[in-house]
Structures are given as C-alpha cells and as structure tokens.
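> Quick one: structure below, then a few questions.
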DNA sequence: TACGTTATGGACGATCCATTCCAGAACTGA
DNA sequence: TCAGTTCTGGAATGGATCGTCCATAACGTA
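Listed below in structure tokens is the structure:
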C-alpha cells in the first residue's frame with residue numbers, strides 16, 4: 026500500500042505527483058487517503074521515512090557484524106552493490122532519498138532532519154566496518170576511520186548523483202572499484218618496498 | 026536579468042517557482058517574459074544551460090593549463106574549492122545542476138542531455154590534469170587517469186549531495202582532504218620503503 | 001435479519017498557476 | 001510634434017489540483 030505510493034513519488038517526485046495518481050495507484054479513494062494520512066505532505070513523510078529506513082537496512086545487511094577478516098570484503102560488497110543499483114536503474118529514477126532531499130530539504134525541516142539522520146547512520150556503519158578492517162590489518166590503522174567513512178559515503182552518494190546525471194554504468198562500476206583500490210592499505214613489508 | 030531568474034529557480038526549484046515570482050524578481054511583466062522566452066520550460070533551459078556552463082568554467086578556471094609540476098596543486102585547489110562552496114551554502118540551496126537533474130532529468134531529455142554533457146566536460150578536464158600530474162611524477166602513472174578522473178568527479182558531486190543532505194562543513198572539508206590524500210602517488214624510493 | 005457504526009470513493013468547491021490578451025507606454029524617424 | 005510600430009505589464013482565462021463532503025457499502029453485533 027505505502028509501496029504503491031512510494032512508486033509514484035519515486036517516479037514523479039513530490040510536486041509532480043497528484044493525489045489522484047496515488048489514489049489510482051493504490052486503489053484507494055481520496056477520502057480514505059486523507060482520512061488515513063492527513064495530507065499529501067504527511068503521506069510523503071511516511072514514504073520518505075520508509076525509504077530512508079530501507080537505505081540504512083540495505084547497508085546493515087551488507088555491513089552487519091562479522092569477522093574482522095572479512096570487513097574489507099563487506100565494504101567492497103556494499104560499495105559495489107550501490108554502484109550496481111545505480112547502474113541497473115535504467116529508468117534513471119535515481120534514489121528517492123536524493124530526489125526528495127534535493128526537492129524539499131531546503132524548505133521542509135522534517136525531510137532535512139530525516140536525510141541528515143540517514144547520513145549519520147550510514148556514516149556510523151561505515152566507520153565501524155573500517156575500524157574492523159584496520160584491526161585486521163587490511164587498512165592502514167594510521168588513517169582516521171571517521172574520515173575514510175565520510176569519503177566512502179561521499180563516493181556512494183556521488184555514484185548515485187553522477188549516475189543520474191548520465192554517466193554510463195561501466196564508468197560507475199569503475200568508480201566503485203577505484204574507490205576501494207585507493208583506500209590506504211597497511212604500509213606493509215613487501216608492498217612498495219620492492220622497487 | 027537571467028541572473029534574477031536563476032536565483033528564483035535555484036531557491037525554489039522548477040515546479041516550485043511561479044512565473045509571477047520570476048516576473049516580480051526580474052521586474053519584467055509576464056507579457057515580456059513570454060515574448061522573450063516562449064514558456065517556463067524554455068526559460069528554465071536557458072537558466073540551466075547558463076549554470077552548467079558556469080560550472081564548467083569554474084573548473085576550467087582552476088584546472089586551466091599550466092606547468093605539470095603544479096597539476097596536483099590545481100587538482101587540490103579545485104576539489105577544495107568545491108567543498109568550500111558547498112560548506113559555505115548555509116541556505117542549503119545546493120547546486121542547481123544537481124537540483125535540476127534530480128527534478129527533471131528523468132522526464133526532460135534536454136535537461137538530461139545537458140547534465141550528461143556537463144559531466145563529460147568535467148571528466149575531460151580532470152583527466153587531463155591527472156595525466157599532467159602523472160607525467161610530473163606526482164601521481165602513480167600505473168593508474169588509469171580515466172578512472173581516477175571519474176572517482177574525483179564522483180567525490181566532487183558527492184560532496185554536494187551529502188552537503189545538501191546535512192553533513193557538516195568540517196566533514197565536507199575532511200572529505201576533500203582525504204580524497205586527495207588517498208590518490209595513488211608514485212611508488213617511489215623512500216616513501217613506504219622506510220618501514 | 002436488522003440496526004448502528006465505520007470505512008469508502010467519486011463528485012464538488014475553492015484555489016492556484018501557466019499562459020494569453022490588450023490597452024497603453026515608449027520609441028523610431030521625419 | 002506626430003503617426004506608426006514595437007514593447008510592456010497587469011488583468012482575465014482556462015485548466016488542473018488539493019482537500020472536503022456525503023451518499024453508499026461493508027462490517028460487527030444482537
């Protein structure tokens with residue numbers, strides 16, 4: 026039910042979606058819609074909240090607890106998944122989080138707060154995973170995990186942005202690869218010393 | 026004149042801007058507006074084109090030709106400038122390129138094409154500069170300049186995205202620093218070999 | 001089955017907004 | 001100064017959209 030509404034908002038944005046569209050999409054009458062949610066804004070908030078929760082859940086699914094030895098793999102899996110998602114979005118609908126934030130955050134405090142909270146959650150997940158990879162020695166422990174997490178979050182959200190702007194899927198995948206490849210590995214014996 | 030219109034679209038987006046607003050902002054009557062531009066969509070295209078051109082010009086200003094020895098500095102200057110711009114955007118208006126793309130690219134081929142072309146231009150500028158830095162030995166010449174350029178573009182656009190989503194200015198600056206710091210430097214004698 | 005309560009959904013009213021229109025201003029050239 | 005032409009800008013138009021309302025349907029209870 027909220028899923029149908031989400032499809033609509035995702036497809037045509039907030040301003041571009043008519044309540045009639047949602048009524049038709051969900052099969053509900055407008056009286057029911059207004060009775061259940063109040064107004065268009067409140068309905069959007071519900072949908073937006075759900076989307077943000079899902080975004081964090083996807084991250085949690087890939088970055089959930091596990092052995093430190095596989096932390097880097099989990100990070101890689103997550104970043105690649107996000108690139109694949111964007112690459113697979115042939116309809117160029119982008120991410121409702123980005124779309125909603127771009128359209129409304131400036132004038133709607135609720136949307137702004139929700140998107141900020143989502144970023145904070147993602148940042149925390151990434152930071153934890155980076156810490157694990159550092160403990161295991163896959164990433165340079167001299168690096169600030171907070172900063173690396175912010176960089177990865179920026180890359181993930183950036184992939185979404187440049188994907189919507191029209192960069193081709195192959196390039197998007199390349200960005201994910203490259204971002205992971207340039208992460209500072211432990212300055213170990215036998216890596217760069219052999220020159 | 027187009028500048029006033031830009032301010033309006035920037036402030037309130039395409040759908041959120043009324044032609045009355047633009048008339049008031051520019052001081053022109055609606056008859057004149059329609060006589061000069063045709064309709065709201067055409068006016069937006071003009072403004073959007075101008076913005077995209079400006080985005081590329083800013084990049085050209087920082088990444089213009091110069092000695093290879095300073096190529097890395099120019100890259101750094103550009104990435105930091107973009108982070109500062111986003112950090113300084115206290116009104117959280119974001120970038121009209123991102124906002125317009127998010128709102129319209131999906132349904133307006135002209136906007137989609139313009140945003141894609143802008144990405145391509147930025148990519149070319151970055152690639153050239155990375156090539157210069159590689160020639161001078163500041164960046165590892167084994168790395169694919171095309172891929173590094175795509176990564177930097179993603180970071181730059183990503184900074185804009187996470188900035189609008191609410192990440193604080195200090196974190197944004199950190200992302201710019203970190204992105205530049207992790208670029209693969211030439212695996213030189215005396216860098217990581219001293220361990 | 002019969003009655004009270006709640007939910008439903010399509011029609012309606014009020015509002016908003018892009019676009020058109022036209023009366024008058026500004027300007028050109030003599 | 002004056003006639004012809006172009007330009008201006010606010011009022012009018014027409015279509016679309018949000019939110020309300022009420023007749024009806026569905027449901028629970030006895």
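Chains as they are written, first to last, in my numbering: chain A, 26 to 220; chain D, 26 to 220. Glycine included, each C-beta is placed from N, C-alpha and C at the ideal position. Quick caveat: nothing in here was measured; it's all calculated off a predicted structure.
Would you verify that the beta carbon of residue 126(D) is, or is not, closer than 8 Å to some beta carbon of chain A?
Yes - at least one Cβ of chain A is within 8 Å of the one on residue 126(D).
> Enumerate in chain order the residues of its own chain whose CB-to-CB distance from residue 177(A) is below 6 Å, with the five nearest sequence positions on each side excluded.
151
> Can you look up residue 33(D) in the DSSP assignment and give me helix, strand or coil?
Here residue 33(D) sits in helix by DSSP.
> Shortest alpha-carbon distance to residue 189(A) belongs to which of 122(A), 136(A), 130(A)?
Checked all of 122(A), 136(A), 130(A); the closest Cα to residue 189(A) is 122(A).
> Just to make sure I have the definition right: I need the residues of chain D whose C-beta is within less than 9 Å of the C-beta of residue 140(A). Which are they?
189, 190, 191
> Answer with buried or exposed for residue 25(D), where buried requires no fewer than 16 other C-beta atoms within 10 angstroms of its C-beta.
With chain D covering 26 to 220 only, the question about residue 25(D) has no answer from this structure.
> Taking the straight line between their C-alpha atoms, what separation do you get for residue 54(A) and residue 31(A)?
17 Å
> With 8 Å as the threshold, decide whether the Cβ of residue 200(D) is near any Cβ in chain A.
yes
> Which one of 187(D), 145(D), 92(D), 200(D) has the shortest CA to CA distance from residue 171(D)?
145(D)
> Hey, is residue 119(A) close to the ligand FMN, as in C-beta under 7 Å from one of its heavy atoms?
In the structure on display, the ligand FMN does not appear, and there are no ligands present to speak of.
> Would residue 131(A) count as contacting chain D if we go by Cβ distances under 8 Å?
At least one chain D Cβ lies under 8 Å of residue 131(A).
> Have a look at 41(D), 48(D), 39(D), 109(D) and flag the residue whose alpha-carbon is nearest the alpha-carbon of residue 26(D).
48(D)
> I'd like to know whether the C-beta of residue 152(D) is nearer than 8 Å to at least one C-beta of chain A.
Not one chain A Cβ lies under 8 Å of residue 152(D).
> Comparing alpha-carbon positions, which option in 72(D), 186(D), 107(D) lies nearest residue 83(D)?
107(D)
> Is residue 169(D) helix, strand or coil when you go by DSSP?
coil
> Quick check: the segment 133 to 140 of chain D against the segment 151 to 167 of chain D, are there 3 or more CB pairs under 8 Å?
no
> Which whole-angstrom value describes the C-beta separation of residue 127(D) and residue 128(A), a residue pair presumed to lie in contact below a C-beta threshold of 8 Å?
Confirmed, Cβ separation roughly 7 Å.
> Identify each residue in the segment 40 to 61 of chain A for which the Cβ-Cβ distance to at least one residue of chain D is less than 8 Å, and report them in chain order.
40, 41
> Let me know if residue 38(A) comes out buried or exposed under the rule of 16 or more other beta-carbons within 10 Å of its beta-carbon.
buried
> For a cutoff of 8 Å on Cβ pairs, would you count residue 144(D) as touching chain A?
yes
> What are the uninterrupted segments assigned as alpha helix (DSSP H) that are 4 or more residues long and contained completely in the segment 147 to 210 of chain D, given in chain order?
170 to 189, 194 to 206, all fully within the segment 147 to 210 of chain D.
> Indicate whether the contact test is met: 3 or more Cβ pairs, each with one atom in the segment 57 to 77 of chain A and one in the segment 152 to 161 of chain A, closer than 8 Å.
no
> To the nearest angstrom, how far is the alpha carbon of residue 68(D) from that of residue 28(A)?
35 Å
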